[in-house]
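Protein chains in written order, with the numbering used here: chain R, -17 to 304; chain Z, 13 to 184.
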Amino acid sequence: MAYNPQLNRNGELQHLLTIEGLPRAVLTRILDTAAPFTEVAEREVKKLPLLRGKSVFNLFFENSTRTRTTFEIAAKRLSADVFNLNISTSSTSKGETLLDTVDNLCAMQADMFVVRHASSGAPYLIAQHLAATGRDHIHVVNAGDGRHAHPTQGLLDMYTIRHYKGDFTKLTVAIVGDVLHSRVARSQIHALHTLGVPEVRVIAPKTLLPVEVSKMGVHVFHDMREGLRGVDVIMMLRLQNERMSGALLPSSQEYFKYFGLTQEKLALAKPDAIVMHPGPMNRGVEIDSAVADGGQAVILPQVTFGIAVRMAVMSLLTGQSA
Amino acid sequence: MATTHPTEQLPDVEKLVAELVAQMRPQVTPQSCFIGIHTGGVWLAERLHAELGIEASLGTIDVSFYRDDFGSRGLHKDLHRSNLPFEVEGRNIVVVDDVLYTGRTIRAALNELFDYGRPARVDLAVLVDRGGRELPITANFVATKLSLAPAQNLQLERADDGKLSLRLAEAK
């Protein structure tokens, strides 16, 4: 098997950096492990002792309150001590390098880094550095790097699909929106392929598709009505407002007209199709409020499942058969 | 490889269940709440729950999240969702497991149970007490005692027709 920095020599998860290259068995193991964690939220004491005494550092070089909070809740429900580092206001702005920051936190007995960075590959760099310095007991979770990957979002999306649809191998899944800038879309496509979804569609204007999209094993549609016909799952992507200022899109009204999900377009999908969105939503841009709040939307369950999936990932990283 | 002993050498589970029911009947009221520990304990608890006419639905616990060997052995592959369909607070609880050995599983089950609330009382019912305790834990109801070597692994099995039997495997 090719060297994969994410797996240790027993084939167990060492770091979670990207879904690309992870075998189906590893993805399935994460989803299976997440299932019993969903029950913890219903208890009087919403805490398990698995990460007691462990220190989890949330290293967010890019702001994301929601993702940071769900990681924080997951780690705290596992009884870890959680430290949130708001890097933009700390040492990095005084000139410290990324790896110096990591070394300093290792000296404070860190056990896990949850990393969000605007540059693709930053979590890899940290994982590589830990391996090179013999600190295999410290784990890295990618919480979103540049345009590259957002593996826990991809995993929680797969958990959600499995929860509502069961078998992956009979599904048609459509991903709609700004694929070009979306690390979420990349993680979703890799996960859907690995788990055996036979048809993955991508629906977007040409200006919001990466040039290499044809190599990703997806069917590309520029007409949303055509692309949604008969699908089981619709995964909406957030249209990042900052894209609107460039030449990529004319206006949010026009985007909504052609690529916004309305009840009328949703009716083209299967009657029991589910609608997903990674949040935060732009109502009236990529999704109509009537759909977002409608009976087919599973957007809030996604958030709840996200905590269980992150608990599963952290537990699998921490507890390994030595 | 594990070697399996013929089941004839082990006590008949039907007789053990009858023995356990006889011991428990005078002590346990229908208002007690039963909790089986996955997996063998759940099968046994289903039987006891039915035969003793317990009113509250049966609870189940998977102690994987509370095991003390998580750091060295990781999570089990076959996890189950714990399900306690009753309020634990103030109730008389009977925890049921198939085999009582080191006591570590029961320690984990008690820790999990108390994360749901404060029971009035907790009893423990097991089919077999095989000795070898590593913690100060004891069962209130025991169908039989067996003396086994540490390398021997005793567990309850359930056939497709629901029939329960004991199986002894020996680690190499």
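No residue lacks a Cβ here, since even glycine has one placed at the ideal position from N, Cα and C.
Every value quoted in this text rests on a predicted model; they were computed, and no experiment measured them.
- Our two residues, Thr300(R) and Ile49(Z), have alpha carbons roughly 24 Å apart in a direct line.
- Every alpha helix (DSSP H) of 4 residues or more that sits fully in the stretch 28 to 64 of chain R is shown, in chain order, as 47 to 59.
- Contact residues of the stretch 87 to 101 of chain Z toward chain R are Leu87, Lys89, Asp90, Leu91, His92, Arg93, Ser94, Asn95, Leu96, Val100 and Glu101 (C-beta to C-beta distance below 9 Å).
- Taking 3 residues as the minimum length, the beta strand (DSSP E) runs contained wholly in the stretch 114 to 175 of chain R are 121 to 127 and 154 to 158, in order along the chain.
- Counted as a single uninterrupted DSSP element, the stretch harbouring Phe287(R) is not any beta strand (DSSP E) but the alpha helix (DSSP H) occupying residues Ile281 to Thr300.
- In the structure shown, Leu81(R) adopts helical secondary structure according to DSSP, grouped into three states.
- DSSP places Thr189(R) in the helix class (H, G or I) of the three-state scheme.
- Per the coordinates, the alpha-carbon of Pro262(R) lies some 10 Å from the alpha-carbon of Gln222(R).
- The beta-carbon of Glu26(R) is placed less than 7 Å from the nearest beta-carbon of chain Z.
- In the DSSP assignment, the residues bridged to Val215(R) are Val155(R) and Ile256(R).
- As a beta-bridge residue in DSSP terms, Ile49(Z) pairs with Ile73(Z).
- For Leu91(Z) and Val75(Z), the gap between their C-alpha atoms comes out near 9 Å.
- Within the stretch 111 to 137 of chain Z, the residues whose Cβ lies closer than 9 Å to some Cβ of chain R are Asn123, Glu124, Phe126, Asp127, Tyr128 and Gly129, listed in chain order.
- A distance below 8 Å between beta-carbons, with the five flanking residues on each side excluded, links Gly199(R) to the following residues of its chain, in chain order: Ile171, His175 and Val182.
- At a cut-off of 7 Å, the C-beta of Gly301(R) has a neighbouring C-beta in chain Z.
- Collapsing the DSSP output to three states places His201(R) in a strand.
- Close partners of Ala173(R) in chain Z (Cβ separation under 7 Å) are lacking, with about 20 Å as the shortest Cβ gap.
- The C-beta of Pro18(R) comes closer than 7 Å to at least one C-beta of chain Z.
- Annotation: Val134(Z) to Asp24(Z) spans about 27 Å, alpha carbon to alpha carbon.
- Beta-bridge partners assigned by DSSP to Asn165(Z): Ala181(Z).
- Interface annotation, Leu30(R): in contact with chain Z, CB-CB separation under 7 Å.
- With a cutoff of 7 Å on beta-carbon distance, Tyr237(R) and Leu230(R) are scored as not near each other.
- Rounded to whole angstroms, the gap between the alpha carbons of Gly144(Z) and Tyr113(Z) is 6 Å.
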